[in-house]
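Chemist: Mind looking over this structure? Questions follow.
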Amino acid sequence: MKVKQLSVFLENKTGRLNDVTKILAKANINMRAFSVADSSDFGILRMLVDDTEKAKEELRNNGFAVSVTDIIGIKMANKPGTLNKILDILAEAKVYIEYMYAYSDSDKAITAIKPDDMEKAIKVIEENHITTL
């Protein structure tokens with residue numbers, strides 16, 4: 232149910248995201264999903280990779296500030312209204328979502344959510360038979 236996510240802090244300057252992807256490619260680590268949020272001075276690259284510990288080590292060894300966070304990965308049908316139903320269930324249970332991002336692959340979609348209360352969110356997801364990674 233819980234999935235490990237990497238958060239990498241990036242200076243807002245040309246090439247920093249390229250540096251991350253180059254390090255991961257050289258270490259043969261695949262980015263499965265990612266999101267970039269930025270402010271005027273820095274950005275946060277959040278990503279799911281196929282080897283979290285190796286990615287964390289490689290990036291830290293190359294001078295990047297990296298943290299690992301638990302998120303919930305939800306697997307759903309890739310069709311209109313599916314995400315809305317899940318978000319309605321979470322909202323009704325008063326689960327606040329700090330952030331989320333998603334990707335799809337043909338008939339399935341994966342949504343990564345970071346709730347404010349992980350245990351409560353997991354309980355609601357389990358009670359409502361929502362499929363997770």
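Numbering (our numbering), first residue to last: 232 to 364. Quick reminder that beta carbons are idealized off the backbone N, C-alpha and C, glycines included. This structure is a prediction, so every number in the text was calculated from the model and none was measured.
Out of Met307, Ala268, Arg291, Phe273, point me to the one whose CA is closest to Lys339's CA.
Modeler: Position 108 of the sequence shown, counted from the start, is the residue given in the question as residue 339. Among Met307, Ala268, Arg291, Phe273, the Cα nearest to that of Lys339 belongs to Met307.
Chemist: Have a look at Ala286 and Asp250 and give me their C-alpha separation to the nearest angstrom.
Modeler: Numbered from 1 along the sequence shown, position 55 holds the residue referred to as residue 286. Numbered from 1 along the sequence shown, position 19 holds the residue referred to as residue 250. If I take the Cα positions, the gap works out to 13 Å.
Chemist: Just verifying my parser: in three-state terms, what is the DSSP assignment at Asp319?
Modeler: Working through the sequence shown from its first residue, we reach residue 319 at position 88. Three-state DSSP puts Asp319 in a helix.
Chemist: Could you compute how far the alpha carbon of Ile361 sits from the alpha carbon of Ile305?
Modeler: For the purposes of this step, residue 361 is taken as residue 130 along the sequence shown, with counting starting at 1. For the purposes of this step, residue 305 is taken as residue 74 along the sequence shown, with counting starting at 1. Their backbone Cα atoms lie some 7 Å apart in a straight line.
Chemist: Quick one: grab the DSSP three-state call for Ile361.
Modeler: Here residue 361 corresponds to residue number 130 of the sequence shown, with the count starting at 1. DSSP places Ile361 in coil when its eight states are reduced to three.
Chemist: What runs of the beta strand (DSSP E), each 3 residues or longer, lie entirely inside the segment 294 to 356?
Modeler: If we require 3 residues or more, the beta strand (DSSP E) runs fully inside the segment 294 to 356 come out as 296 to 308, 328 to 336, 339 to 346.
Chemist: Report yes if the CB atom of Glu242 is closer than 9 Å to the CB atom of Phe273, and no otherwise.
Modeler: The residue labelled residue 242 in the question sits at position 11 within the sequence shown. The residue labelled residue 273 in the question sits at position 42 within the sequence shown. Yes.
Chemist: Please tell me whether Leu237 and Leu279 are closer than 9 Å, where the distance is taken between their beta carbons.
Modeler: Residue 237 sits at position 6 when you count from the first residue of the sequence shown. Residue 279 sits at position 48 when you count from the first residue of the sequence shown. Contact flag set, yes.
Chemist: By the three-class DSSP mapping on this structure, what secondary structure does Lys235 have?
Modeler: Along the sequence shown, read from residue 1 onward, the residue named residue 235 stands at position 4. Reduced to three states, the DSSP call for Lys235 is strand.
Chemist: Within 10 angstroms of its Cβ, does Glu325 collect 16 or more other Cβ (buried), or is it exposed?
Modeler: Your numbering for residue 325 matches position 94 in the sequence shown. Glu is not the amino acid found at residue 325; the sequence shown has Lys there. Result: exposed.
Chemist: Where do the ends of the beta strand (DSSP E) carrying Ala268 lie?
Modeler: Position 37 of the sequence shown holds residue 268. Residues 262 to 269.
Chemist: Would you report the Cα separation of Thr245 and Ala268, rounded to the nearest angstrom?
Modeler: For this step, residue 245 is matched to residue 14 along the sequence shown. For this step, residue 268 is matched to residue 37 along the sequence shown. Those two C-alpha atoms are separated by around 15 Å.
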